[in-house]
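In our numbering, the protein residues as written are -6 to 320.
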């Protein structure tokens, strides 16, 4: 058992002088770049009518699901029902190389912990506990975000505005300590889970109608750099094209952290190539994106040089905006 190194609460400078490199994790991330783009499936999950090319032969018998009473409802009514049940939420999507979460059945009850995640106090903060008796691997994780209260209208008051809520930097859902988890209706931990897998697996028609709702009507929250960088290898292009609202947390890096520092450089300069990379990802991978919240964050190790980096960051942002508006 150990505390996850992926916790949003890193040790302070007084605790450690330098965070050791995880060579195993770095090697696993490098292997992600070797993944091909998602190959064509031997049999499409989505039925005809939801694809650009119809491959079924004419004259085939109607699928039995079309005789179900639910499918006698007009398509727009079915879509409205799905939006009410699956849409208009904030959903975490995470793909990270780590140990699996410690089973809460072995340590503590599920009460009050977001998604039933086992947590432990360390360095004055609550952190996620993982099971290091099992091997590290790439793990998908997702949940409904409970950083904000259920009665908050995020369309009217966003983060960084007067009286607005805290932004992504205050999100602790992944460590099981979501701030407003208790104020959301439902029981733990079921109310924290996305809860769509059963419907998606029930039949191809349900999958086709629900998968679009899931990606297009929810705000997708991402914070893992390896996942964000390799999205084309991990998700089908039509899923990326469906996303309309996105919230991304991206860690700022100095040239020293990126291994680009030399004797003639200032080690505290921001790595602008890294900033350009996240700018390119958000502008090319999500063609239907209507809303983007990009939180540029820095570690505690960058605290002493933050004032110097802030001026450089401001200049970079204005230059990027000018280039995008005035090509």
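Backbone N, C-alpha and C define an ideal beta-carbon position, used for all residues, glycine too.
If the five residues before and after residue 176 are omitted, its C-beta is found closer than 7 Å to the C-beta atoms of 142 and 143, all from its own chain and listed in chain order. Put simply, the backbone Cα of residue 230 is about 28 Å away from that of residue 160. In this structure, the beta-carbon distance from residue 80 to residue 204 does not fall below 8 Å.
By alpha-carbon distance to residue 137, the top candidate from 106, 118, 85 and 287 is 85. With 16 or more other CB atoms across the displayed protein chains lying within 10 angstroms of its CB, residue 108 is buried.
A buried status is given to residue 246, since no fewer than 16 other beta-carbon atoms sit within 10 Å of its beta-carbon. The segment 197 to 277 contains, as complete alpha helix (DSSP H) runs of 4+ residues, the segments 197 to 209, 218 to 222, 224 to 227, 230 to 235 and 265 to 277 (chain order).
Annotation: residue 282 is outside any alpha helix (DSSP H) and is labelled neither H nor E by DSSP. A distance below 8 Å separates the beta carbons of residue 87 and residue 220.
In terms of Cα proximity to residue 286, the closest of 199, 216, 76 and 174 is 216. Pairing residue 209 with residue 237, the inter-Cα distance amounts to about 5 Å. Rounded to whole angstroms, the separation of the alpha carbons of residue 228 and residue 274 is 14 Å. Residues 107, 112 and 119 of the same chain have their beta carbon placed closer than 7 Å to that of residue 170, with the five preceding and five following residues left out of the count. At the C-beta level, residue 129 and residue 164 stay beyond 8 Å of one another. Counting the other Cβ atoms within 10 Å of the Cβ of residue 162 gives fewer than 16, which makes it exposed. Look at residue 175 here: in three-state DSSP terms it is helix. Look at residue 160 here: in three-state DSSP terms it is coil, with no helix or strand label. The beta carbon of residue 133 sits closer than 6 Å to those of 88, all from its chain and outside the five residues before and after it, given in chain order.
Bounds of any beta strand (DSSP E) do not take in residue 110, whose DSSP letter is neither H nor E.
In the same chain as residue 184, and ignoring 5 residues on each side of it, the C-beta atoms closer than 6 Å to its own belong to 177, in chain order.
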